[in-house]
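Sequences listed follow chains A, B and C, in order.
Under our numbering, residues 2 to 324 are what the first sequence spells out, in order.
Under our numbering, residues 2 to 324 are what the second sequence spells out, in order.
Under our numbering, residues 2 to 324 are what the third sequence spells out, in order.
The beta carbon of each residue, even a glycine, is placed where N, CA and C say it ideally should be.
Note that the coordinates shown come from a computational prediction; the quantities given were computed from them, not determined experimentally.
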Amino acid sequence: MISQILGKVLLKSIPEFQNKIFSRSYNVPRRALMYVPGDDPKKINKSFTLDVDCIALDCEDGVAINRKVDARSTIRLFLEKPKPQKTTNYDLGVRINALDTEYWQEDLKSCLTAENLPDTVLVPKIETPETIKMFSEEINKLIKQDKKINLIIYIESAKAFINLTEICKTAQDLSKQGKFTPVSLVFGSDDFCANIGATRTEDSTEILYARQKLVLTAKAFNLQAIDMVYIKYKDLESLKLQCEQGMRMGYTGKQVIHPSQVPVVQQAFLPNENQINWAKGLLDSFRTHQKEGKGAFTYKGSMIDMPTMKQAENIVKLAKLKT
Amino acid sequence: MISQILGKVLLKSIPEFQNKIFSRSYNVPRRALMYVPGDDPKKINKSFTLDVDCIALDCEDGVAINRKVDARSTIRLFLEKPKPQKTTNYDLGVRINALDTEYWQEDLKSCLTAENLPDTVLVPKIETPETIKMFSEEINKLIKQDKKINLIIYIESAKAFINLTEICKTAQDLSKQGKFTPVSLVFGSDDFCANIGATRTEDSTEILYARQKLVLTAKAFNLQAIDMVYIKYKDLESLKLQCEQGMRMGYTGKQVIHPSQVPVVQQAFLPNENQINWAKGLLDSFRTHQKEGKGAFTYKGSMIDMPTMKQAENIVKLAKLKT
Amino acid sequence: MISQILGKVLLKSIPEFQNKIFSRSYNVPRRALMYVPGDDPKKINKSFTLDVDCIALDCEDGVAINRKVDARSTIRLFLEKPKPQKTTNYDLGVRINALDTEYWQEDLKSCLTAENLPDTVLVPKIETPETIKMFSEEINKLIKQDKKINLIIYIESAKAFINLTEICKTAQDLSKQGKFTPVSLVFGSDDFCANIGATRTEDSTEILYARQKLVLTAKAFNLQAIDMVYIKYKDLESLKLQCEQGMRMGYTGKQVIHPSQVPVVQQAFLPNENQINWAKGLLDSFRTHQKEGKGAFTYKGSMIDMPTMKQAENIVKLAKLKT
């Protein structure tokens with residue numbers, strides 16, 4: 002008797018529906034964001050042989066103070082050559098030093114005046130909208146091409162969480178006329194814990210507020226949400242559990258500190274069979290309706306809008322990455 | 002020796018005291034908010050026979066696209082007749098379509114120009130203060146009587162949570178001169194999960210941030226907080242557990258998708274014996290003090306103000322609903 | 002191979018590093034904030050014999066309405082005498098009545114015009130930035146000396162949590178020219194639960210959002226975060242567990258309602274051996290670098306800035322309190 006009213010609600014309980022937005026704002030998936038020290042050509046070359054979504058050539062925490070200049074010039078040399086091809090599309094980024102250091106402007110200048118732009122700049126320790134403005138002004142000066150670079154924003158302190166909405170708004174506003182596009186928020190949980198004096202147990206309940214505030218805010222601004230590092234890099238089973246926990250909260254990817262973590266993470270953040278079937282069916286339905294000249298339409302009981310269409314496309318794209 | 006200093010603190014640990022605010026802003030209790038598809042006269046008639054606090058005649062998710070006009074006219078017919086009497090007071094509302102659809106204005110017009118106004122309009126997918134303004138302007142045009150209608154606000158996306166305080170402030174401000182009174186926030190958890198890409202486990206820890214932010218914000222604006230739907234409508238034991246979990250967080254009611262859920266939900270959200278005794282004692286004490294010409298007074302160690310008085314009245318009112 | 006990139010990250014997993022900020026903003030540690038009823042000279046005298054970081058002579062909840070004047074004058078008498086010496090430094094404060102009562106101005110006047118100022122004024126039930134302004138104006142009028150008093154802010158309602166950032170900003174701004182310095186936020190969990198209608202189970206998951214929002218906001222404004230009261234004062238084992246839970250979230254201290262709770266709380270909020278060794282090593286390293294004329298330097302893989310130096314100093318100071 003009440004099957005009609007239950008229809009939509011029950012549908013929503015099916016995982017593929019709940020997760021349809023899984024890949025929102027994925028132009029490039031960034032399931033695994035892997036750090037590679039910028040001063041180590043061997044590791045950089047190695048990273049190009051890996052099946053990893055997102056490589057961050059690091060000028061910041063992975064590089065000692067007395068190696069900062071080396072990192073900068075090593076990365077520059079790599080950017081003078083064309084971006085190495087891999088069997089799947091991937092994101093090649095540079096993590097510069099924070100904007101309160103003496104390094105960041107040289108880091109930026111060095112990588113943005115090379116023969117090839119990196120796809121993405123990763124900016125650590127953003128705490129205020131003003132930091133975004135500083136970054137925006139510098140990058141608009143440096144990029145001469147008619148191109149935009151992706152911006153990945155690190156949130157790693159109490160102050161950053163207080164200002165989180167304003168940071169995202171400012172990035173969104175300045176990107177409209179600027180040379181960059183904000184694409185992801187990263188939860189810098191280690192610095193965050195140090196900053197507020199927190200200590201995590203295995204399920205990280207101690208920082209749940211911050212971890213869920215980040216994912217909610219990311220989604221409100223159509224950004225990917227990239228979860229914390231799992232430190233014990235030999236314990237792949239626990240890594241998997243933490244991936245799944247983050248994914249259930251809405252995270253779309255995770256930071257990775259060791260090559261062995263990559264396949265576990267990338268598998269965990271793939272859409273599952275249910276999600277893939279949902280997306281493929283939706284795209285089929287869309288094509289049929291287009292032929293019949295119909296605009297809005299429903300699929301499995303839901304009204305379909307353009308964001309949902311894009312999500313379906315992204316799920317199908319993501320699914321093709323599946324090994 | 003320390004009994005004096007412990008006095009008040011210990012008192013607060015007693016459940017009846019902690020829960021005294023249980024029913025804040027209850028003019029009408031809305032322990033169970035039950036959806037009934039607006040295009041189904043049989044189900045609507047059935048709902049009037051049930052002992053349920055709050056009936057939402059649905060134009061939105063419970064109604065298929067090609068039945069939207071039927072729902073509107075069916076609801077209109079019911080509003081042409083006097084509101085059916087039940088043994089207890091209840092709230093009769095209409096859930097219109099969201100303000101970014103082509104339906105909402107006709108939905109509103111149809112139900113607000115009928116012979117009898119519904120008690121309440123339920124507005125889904127409110128994301129910004131601007132949506133409240135649009136609603137306010139429309140409703141002020143439509144209601145000719147010297148009456149106010151109740152507004153129930155649905156919060157169902159990341160963006161809505163970012164704007165939650167502003168949404169409530171705007172509703173509160175515009176209601177002062179307007180034809181509506183905001184009374185409740187509803188946590189639209191299914192749409193929210195789809196929106197941020199979250200998947201819930203049984204205890205819903207994955208969306209704890211949003212669920213608790215909603216109840217806190219509701220209480221800051223003196224609104225009822227209505228918890229998420231429990232999907233598995235045959236599992237009444239788990240429903241009860243989820244009711245109790247929400248009630249411990251401060252929720253005052255829950256959305257209901259099946260008649261069998263109503264008694265479980267309404268029982269779970271009733272004040273218990275301790276709460277009732279607390280409230281009755283307070284009202285007795287108030288009458289005594291009034292006779293003696295005293296204004297402010299203390300009861301069980303606490304200074305009593307008017308909001309507390311109203312809470313006590315509401316608990317006693319609620320307790321009378323107890324079957 | 003990846004030891005270099007792992008270096009810093011692994012370091013951060015070591016508790017002493019994660020907790021290095023443990024004592025940020027400690028000029029005086031306030032691990033245990035103990036309430037003593039202001040109208041009870043015997044208990045006040047007793048409190049001066051205890052090894053407790055922070056004594057709050059209470060005019061508010063620990064004092065009955067008809068004893069408010071007694072409390073005020075009793076506290077005044079104590080402030081006419083020099084602050085009693087103890088073997089360790091401690092904070093002597095007065096908790097006045099809330100700013101929406103008829104008592105607070107007399108409370109303030111009485112304690113701020115005595116021969117000796119208290120170290121700190123504790124202000125309950127702050128809900129808006131306006132309350133901070135009222136307090137600021139009053140205190141600037143009353144303190145004639147060229148001295149500042151510490152301000153401890155109580156957050157105990159939904160409305161206060163909505164306004165939390167603005168409350169802290171206003172306190173910070175007004176303190177620059179004013180006669181007070183904000184030093185701590187206190188989570189008034191009992192009033193908060195009553196206000197939003199919440200009921201806590203043993204692990205307090207029901208109010209996790211508020212509890213973690215408070216500690217995050219405190220740290221963003223460089224304030225101590227003081228955790229909720231543990232009611233069952235005879236159960237010291239459960240008290241210890243709740244202390245540790247709060248400390249893992251970043252809390253720096255806890256409210257105490259019974260002398261027997263003090264040693265448990267103060268022990269739990271002490272830095273551990275690892276933290277102490279980290280801090281001592283850092284201070285040694287700092288002295289060495291100072292002699293060599295070097296400014297910024299790294300220690301155990303981290304760049305050391307002045308806040309970190311101060312944290313190390315505070316940990317060493319705190320460690321000396323260890324019994």
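For residue i, count the other beta carbons within 10 Å of its own beta carbon; 16 or more makes it buried, fewer makes it exposed. Which is it?
i	result
L100 of chain A	buried
S261 of chain A	exposed
N20 of chain A	Residue confidence for N20 of chain A is low, a pLDDT of 36 falling below 50, so the modelled location carries little weight; the figure read from the coordinates is stated next. Classification of N20 of chain A: buried, given that the 10 Å Cβ count is 16 or more.
I76 of chain B	buried
N67 of chain A	exposed
D204 of chain B	exposed
D236 of chain B	exposed
K142 of chain A	exposed
K44 of chain A	buried
L78 of chain B	exposed
T206 of chain B	buried
D285 of chain A	exposed
K342 of chain C	In the structure displayed, chain C extends from 2 to 324; residue 342 of chain C sits before or after that span and is not available.
N46 of chain A	exposed
Q243 of chain A	buried
Q1 of chain C	Nothing about residue 1 of chain C can be reported from this structure: the residues present for chain C run from 2 to 324 only.
T309 of chain C	buried
K321 of chain A	exposed
Under the DSSP definition of a beta bridge, which residues are partnered with residue i?
i	result
M135 of chain B	Bridge partners of M135 of chain B: none, in fact.
V37 of chain B	B:L58
T121 of chain B	B:G94 and B:N151
T182 of chain C	C:N151
V187 of chain A	A:Y155 and A:I227
K255 of chain A	A:A33 and A:D228
I305 of chain B	B:F298
Figure out for me which residue from the options has the closest Cα to the Cα of residue i.
i	options	result
S176 of chain A	A:E138, A:A161 and A:L209	A:E138
K84 of chain B	B:F222, B:D120 and B:V184	B:D120
M248 of chain C	C:E238, C:L240, C:A269 and C:L237	C:A269
Q146 of chain A	A:D108, A:K318, A:F162 and A:K180	A:K180
G251 of chain B	C:T202, C:S111, C:W279 and C:F79	C:T202
A199 of chain C	B:C169, B:R31, B:A219 and B:S190	B:A219
G189 of chain C	C:E167, C:V124, C:F222 and C:Q173	C:V124
D62 of chain B	B:C55, B:P38, B:E81 and B:N46	B:P38
D71 of chain B	B:Y36, B:C169 and B:E107	B:E107
D348 of chain A	A:N223, A:I232 and A:Q178	This structure leaves residue 348 of chain A out entirely; chain A is present only between 2 and 324.
I144 of chain B	B:A115, B:N273, B:T171 and B:S74	B:A115
M135 of chain A	A:T171, A:A313, A:S111 and A:E293	A:T171
Please report the Cβ distance between residue i and residue j, rounded to the nearest whole angstrom; I am assuming they are in contact, meaning their Cβ atoms lie under 8 angstroms.
i	j	result
G254 of chain C	Q213 of chain C	No, G254 of chain C and Q213 of chain C are not in contact; Cβ-Cβ is about 16 angstroms, not under 8 angstroms.
I133 of chain C	V187 of chain C	About 15 angstroms; that fails the 8 angstroms criterion.
I197 of chain B	I156 of chain B	13 angstroms between Cβ atoms; not a contact.
L319 of chain B	L271 of chain B	6 angstroms
F49 of chain C	K82 of chain C	Actually they do not touch by this definition, with Cβ atoms about 11 angstroms apart.
L217 of chain C	F162 of chain A	6 angstroms
S158 of chain A	F193 of chain A	6 angstroms
If we call anything under 8 angstroms between Cβ atoms a contact, is residue i one with residue j?
i	j	result
P183 of chain C	L152 of chain C	yes
V230 of chain B	I258 of chain B	yes
I327 of chain C	V122 of chain C	Beyond the ends of chain C as shown, which are 2 and 324, falls residue 327 of chain C; an answer cannot be given.
K311 of chain B	A221 of chain A	no
D59 of chain C	R31 of chain C	no
K148 of chain A	L118 of chain A	yes
L51 of chain B	V263 of chain B	yes
I56 of chain A	L93 of chain A	yes
Y36 of chain A	Y210 of chain B	no
I316 of chain C	A280 of chain C	yes
L34 of chain A	Q256 of chain A	yes
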